[in-house]
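K.L.:
The numbering of the sequence shown is this note's numbering, which starts it at 1016 and goes up by one. Beta carbons are placed, not taken as given, at the ideal position from N, Cα and C, and that holds for glycine.
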Amino acid sequence: MTGGDFQVPAFVFIGKDMSLIDIKNLVFEYFRRDDEGNVDEIVSAISDVSLDVEQGDFIAIVGENGSGKSTLAKHINALLTPSQGEVVVDGMDTKEEELKLSIRKTAGMVFQNPDNQIVGTIVEEDVAFGPENLGMKTSKIWNNVDDALQMTGMSKHRNDSPSSLSGGQKQKVAIAGVLAMETKCIIFDEATAMLDPKSRRQILDIAKKLNREKGITIVWITHHMDEVMTADKVYVMKQGSIAMQGTPMDIFSKPEIIKECGVVLPKLIQYINFMAGQGLLSKEEVSEINDEEDLILLLCNKFGNENKGDKPYIYNKNDEENDDLSQGLLLNDVSFTYNKGYASESVGLNEVNLHIKKGEFIAVIGDTGSGKSTLMQHLNGLLIPQNGNVFYNGTDITDKDFSVKELRQKVGLVFQYPEYQLFEETVEKEVCFGPLNMDISPVEAQKRAYKAIEAVGLPDTIYDASPFRMSGGQRRRVALASVLAMEPEYLILDEPTAGLDPVSAYKLLDMLRTLNEEYNIAIVMVSHNMDEVAEYADRIIYMDKGSVRMDGQVAEVFAKNIDNDNVEVPFGIRLLNALKNAGADVDVSCHEQLDIFGELCKLI
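1. So, with DSSP's three-state summary, where would you put T1232?
2. Whether or not the segment 1214-1223 and the segment 1260-1276 are in contact is what I'm after, with contact meaning three or more pairs of Cβ atoms, one per stretch, closer than 8 Å; do they touch?
3. Put H1543 into one of helix, strand or coil per three-state DSSP.
4. The alpha helix (DSSP H) that contains E1147, what's its start and end?
5. For the structure I just gave you, are there three or more beta carbon pairs, one from the segment 1419-1438 and one from the segment 1506-1518, closer than 8 Å?
6. Just the C-alpha distance for Q1608 and Y1551, rounded to the nearest angstrom, thanks.
7. With a 10 Å radius around its C-beta and 16 neighbouring C-beta atoms as the bar for buried, classify L1312 as buried or exposed.
8. Relative to the alpha-carbon of T1372, which residue among S1178, M1151 and N1408 has its alpha-carbon at the smallest distance?
9. Return yes when the Cβ of I1201 is within less than 9 Å of the Cβ of V1188, no when it is not.
10. Taking DSSP's pairing of strands, which residues face E1069 in a bridge?
11. Counting C-beta neighbours from all protein chains within 10 Å, is the total for N1305 16 or more, i.e. buried, or is it exposed?
12. State the start and end residues of the unbroken alpha helix (DSSP H) segment that holds I1371.
13. Start and end of the beta strand (DSSP E) containing D1610?
14. Can you tell me the Cβ-Cβ gap for A1467 and A1494, rounded? I've got them flagged as a contact below 8 Å.
15. In this structure, does DSSP put N1535 in helix, strand or coil?
16. Considering just the uninterrupted stretch of the beta strand (DSSP E) at A1122, what are its terminal residues?
17. Which residue marks the beginning of the beta strand (DSSP E) containing Q1260, and which one marks its end?
18. Could you have a look at R1048 and say whether DSSP puts it in helix, strand or coil?
19. Are the Cβ atoms of V1279 and A1088 separated by less than 9 Å?
20. Which of the three DSSP states is assigned to F1430 in this structure?
21. Can you find the residues in the same chain that come closer than 7 Å, C-beta to C-beta, to Q1461, ignoring five residues on each side of it along the sequence?
22. If contact is defined by three or more beta carbon pairs under 8 Å, each pair taking one atom from either stretch, is the segment 1052-1068 in contact with the segment 1031-1041?
23. Could you tell me which residues DSSP puts in a beta bridge with E1502?
24. What does the alpha-carbon distance come out to for the pair H1393 and D1479?
25. Reducing DSSP to helix, strand and coil, say where G1472 ends up.
26. With N1368 and N1347 assumed to form a contact (beta carbons below 8 Å), what rounded beta-carbon distance in angstroms separates them?
27. Expressed to the nearest angstrom, what Euclidean distance is found between the alpha-carbon atoms of V1379 and G1449?
28. Since E1111 is in the alpha helix (DSSP H), which residue starts that stretch and which ends it?
29. In three-state terms, what does DSSP make of K1332?
30. Cα separation between T1352 and E1547?
31. Per the DSSP calculation, D1411 is bridged to which residue(s)?
32. Since C1200 is in the beta strand (DSSP E), which residue starts that stretch and which ends it?
33. Helix, strand or coil: which one does DSSP assign to F1028?
34. Using DSSP's beta-bridge definition, name the partner residues of V1064.
35. Less than 6 Å between C-beta atoms, sequence neighbours within five positions excluded: which residues of the same chain meet that for M1151?
36. Got a sec, what are the start and stop residues for the alpha helix (DSSP H) T1153 sits in?
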């Protein structure tokens, strides 16, 4: 289901041209305490922020991790109270304690992780929770629940347990819970960060339709810059202040400034800027481009050759006949079912066959629930196949003489939020923990720790620092260093860039590429970000309903899924394939952006 499939009910209509959110000179400070609980310093999270949002606006707030986006959002619905300045929502001052319930009814919030705000045992009970707490009449509660579930396309799941839903479906339930309270404003705090591309599009479509057809004000916080293209106004935050504000085009016209704020241009804007700079597009042509499809059509008409078009491209495949199956990780007909024999039974893996070799950089893609994480946990023995076999260098990992402990040293697994794996009081102790449990001497463990910390790009000044007082990006690097210190041959990462701003994400991916190229460590990375996959991976494993739907070179897998709504094929790859089909002489095996730019230059 897409956002266009739901019907908008009649329980709310909101006019425009009225100020809904008025923030003046907002300052928010908090105490940071040491391990003994003493005040260590006063941290300024928000510094002199002012903004005015009219009813019916769709505004976007972007910025690097720690810039103050979520802190600002929590002031809008009175989860936080200003240290200085004022926040007025629909005429109500958030400092007034007796008004906070009304403020939260007016400005509802959808968080990044839907599990953090779902409380009901079944969907309809969860959606009813908010209006019940507002004291609405029973008949009105259930009318609102019916309408909210219809709006979000979740009516058929009303009696399901939230635990049985995908991440995207859970976010829809969270949105329905806010809508049922007859809210005037919905704050989406990175609500698409944990979702697959299809679910991300659906949630954004719902937000746009609520804004467009019902006048509900949308505050959209995101790291995905393509999501802000149609916003009325964009606010760019840096170090607790608003560094830039304006229409999307105003913001995107200053790429160097926004980069300093941890923000990158949407891919469409990057391609337009490059091609205009190379003389491939005139100013008049640029002014006619509203979206990616406009640019593709324009270039195909301009550079295509109908006499040469639509010729199939033959991809060069690896010679599997020379594949040494006795080396690496080999999965042979592996199947795994959760809750086998119970009503809640679900397939995790279904007859999966894969061979993963040292030195590869592999991306594993697929919808939420497709089996990606289940596959990852089979690679280092956290899960054991119920059917089939997993081999490491030719030995079945279930053999009685095989050391699973040794396997986990060679196949390091980093979870989606690796900072949750941290537990030691200093960085040095954290990174030394793994080697010390391998019966390595303290001196050797320390050497490995220092080497790993250097490899992930952290300074030696942090050895004695607490990992819990670092930024999110730094904690993620510490977690990676703790795995690298065990000197793995394979590094398995489940959504390594989830929740990171684009600049931090690319720094992390650059580090993984260095580990892959200089240390010959195989990288197997689960990702929902197809631009990252195209830029860094050499091979894609596409999972679907527990099975391997496709396994091949990056450009090949994407090219074969251009018409697949479940796969968000990167713009550059779609563009090259469209040009090839139109008869242009371009190499569609390219998938990294610089290589694609090189192919486009050939059109001049």
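P.N.:
Reading it off the structure:
1. Reduced to three states, the DSSP call for T1232 is strand.
2. no
3. coil
4. V1138 to N1148
5. yes
6. 10 Å
7. That one is exposed.
8. Before going on, a small fix: residue 1372 reads as Lys here, not Thr. Comparing Cα-Cα distances from K1372 to each of S1178, M1151 and N1408, the minimum goes to N1408.
9. Contact flag unset, no.
10. Answer by DSSP bridge pairing, in chain order: S1034.
11. Looking at its Cβ environment, which holds fewer than 16 other Cβ atoms inside 10 Å, N1305 is exposed.
12. From DSSP, I1371 is part of no alpha helix (DSSP H) but of the beta strand (DSSP E) over S1361 to I1371.
13. First-last for D1610: Q1608 to C1616, but that is the alpha helix (DSSP H), not the beta strand (DSSP E).
14. In fact, because the Cβ distance is near 11 Å, the residues do not count as touching under 8 Å.
15. coil
16. A1122 to V1125
17. S1256 to G1261
18. strand
19. no
20. coil
21. C1447
22. yes
23. Answer is none; E1502 lacks a bridge partner.
24. 35 Å
25. coil
26. The C-beta distance from N1368 to N1347 rounds to 6 Å, short enough to meet the 8 Å contact threshold.
27. 26 Å
28. That residue, E1111, is in no alpha helix (DSSP H); it is neither H nor E in DSSP.
29. Legend: pLDDT at K1332 = 47, less than 50; position of this residue unreliable, value from coordinates given subsequently. Correct three-state label for K1332: coil.
30. 30 Å
31. F1406
32. C1200 to D1204
33. Legend: pLDDT at F1028 = 49, less than 50; position of this residue unreliable, no value from coordinates given.
34. L1041
35. none
36. Taken as a continuous stretch (DSSP letters only), the alpha helix (DSSP H) holding T1153 covers T1153 to M1166.
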